[in-house]
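Notes to accompany the following structure.
In the numbering used here, the protein residues as written are 41 to 210.
And the structure:
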């Protein structure tokens, strides 16, 4: 099973911090801001050049950096180490960003990573910690399945464009 690290930046409302809840429930190991990921760790970075895909299954862990979307770009330009990957486009189910593309909470991002890498049951157990969590799978069932079944990063990108063409129109 994929190990989960969570780095809290303390930029959001602590009562809505999904990383904090994952840490409190022993679903993730909290790490400090000085944490430097090894090459076996996937760092979820919305500005990464490469997209997460099933060939990343060799990773041992995933790092979710919990920060404000307003300050995220600044956070991800720091040196974090690891293999940086962005998630393919998905819709948020969290109450703050419901149905907005690419505005996932940390728990949604971790669950999506697990799902795409073939750990479907584990993904569901992470989402079950919130009432709204299972709705994430409902909203994204078709693209998640397409991403999980893709054999290459290129096929994930092709599926992403098929499911969310409005984001790629010129």
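Glycine is no exception: its CB is placed at the ideal position from the N, C-alpha and C atoms.
(message) According to DSSP, is residue 47 part of a helix, a strand, or is it coil?
(response) In the chain shown, counting from the first residue as 1, residue 47 sits at position 7. Reduced to three states, the DSSP call for residue 47 is strand.
(message) Applying the 10 Å Cβ sphere with the 16-neighbour rule, what's the burial state of residue 157?
(response) Position 117 of the chain shown, counted from the start, is the residue given in the question as residue 157. Using a 10 angstroms sphere on the CB of residue 157, the tally of other CB atoms reaches 16 or more, which defines it as buried.
(request) Answer with buried or exposed for residue 78, where buried requires no fewer than 16 other C-beta atoms within 10 angstroms of its C-beta. (result) As a working note, residue 78 is residue 38 in the chain shown. Under this definition residue 78 is an exposed residue.
(request) Consult DSSP for residue 189 and reduce its assignment to one of helix, strand or coil. (result) On the chain shown, residue 189 is found 149 positions in, with the first residue counted as 1. DSSP places residue 189 within a helical segment (H, G or I) once states are collapsed to three.
(request) Just mark residue 59 as buried or exposed, buried being the case when its beta carbon has 16 or more other beta carbons within 10 Å. (result) Against the chain shown, residue 59 aligns to sequence position 19. Residue 59 is classed as buried because its beta carbon has at least 16 other beta carbons within 10 Å across all chains shown.
(message) Quick check: residue 105 and residue 81, are their CB atoms within less than 8 Å of each other?
(response) For the purposes of this step, residue 105 is identified with residue 65 of the chain shown, where counting begins at 1. For the purposes of this step, residue 81 is identified with residue 41 of the chain shown, where counting begins at 1. Taking 8 Å as the Cβ cut-off, residue 105 and residue 81 do not qualify as a contacting pair.
(message) Please classify residue 132 as buried or exposed, where buried requires at least 16 other C-beta atoms within 10 Å of its C-beta.
(response) On the chain shown, residue 132 is found 92 positions in, with the first residue counted as 1. Classification for residue 132: buried.
(request) On the DSSP bridge assignment, give the partners of residue 211 in chain order. (result) Examination of residue 211 is not possible in this model, given that the chain is present from 41 through 210 alone.
(message) So for residue 73, helix, strand or coil by DSSP?
(response) The sequence position of residue 73 within the chain shown is 33, counting from 1. Residue 73: coil per DSSP, three-state reduction.
(request) Put residue 130 into one of helix, strand or coil per three-state DSSP. (result) Reading the chain shown from its first residue, position 90 is the one you call residue 130. Reduced to three states, the DSSP call for residue 130 is coil.
(request) Kindly list the residues whose CB is nearer than 6 Å to the CB of residue 167, restricted to its own chain and excluding five residues on each side of it in sequence; keep chain order. (result) Within the chain shown, residue 167 is the residue found at index 127, counting from 1. Excluding sequence neighbours, residue 167 sits near 151, 173, 174 and 176.
(message) Assuming residue 120 and residue 89 are in contact, meaning their beta carbons sit under 8 Å apart, how far apart are those beta carbons, in whole angstroms?
(response) Along the chain shown, one-based indexing puts residue 120 at 80. Along the chain shown, one-based indexing puts residue 89 at 49. About 15 Å separates the two Cβ atoms, so there is no contact after all.
(request) From the DSSP output, in three-state form, read off residue 151 for me. (result) What you label residue 151 is simply residue 111 of the chain shown in a count that begins at 1. Reduced to three states, the DSSP call for residue 151 is helix.
(message) So for residue 97, helix, strand or coil by DSSP?
(response) In the chain shown, residue 97 corresponds to position 57, counting from 1. DSSP places residue 97 in helix when its eight states are reduced to three.
(message) With distance defined between alpha-carbon atoms, name the residue in 145, 123, 68 and 44 nearest to residue 92.
(response) The count along the chain shown starts at 1 and reaches residue 92 at position 52. The candidate whose alpha carbon is nearest that of residue 92 is 123.
(message) So, at 8 Å on beta carbons, what are the nonlocal neighbours of residue 69 in its own chain, with the 5 sequence-adjacent residues on each side left out?
(response) Your numbering for residue 69 matches position 29 in the chain shown. In the same chain as residue 69, and ignoring 5 residues on each side of it, the C-beta atoms closer than 8 Å to its own belong to 43, 44, 45, 46 and 63, in chain order.
(request) Please name the residue, chosen from 165, 49 and 95, that lies closest to residue 66 on a Cα-to-Cα basis. (result) For this step, residue 66 is matched to residue 26 along the chain shown. When only C-alpha atoms are compared, the closest one is 165.
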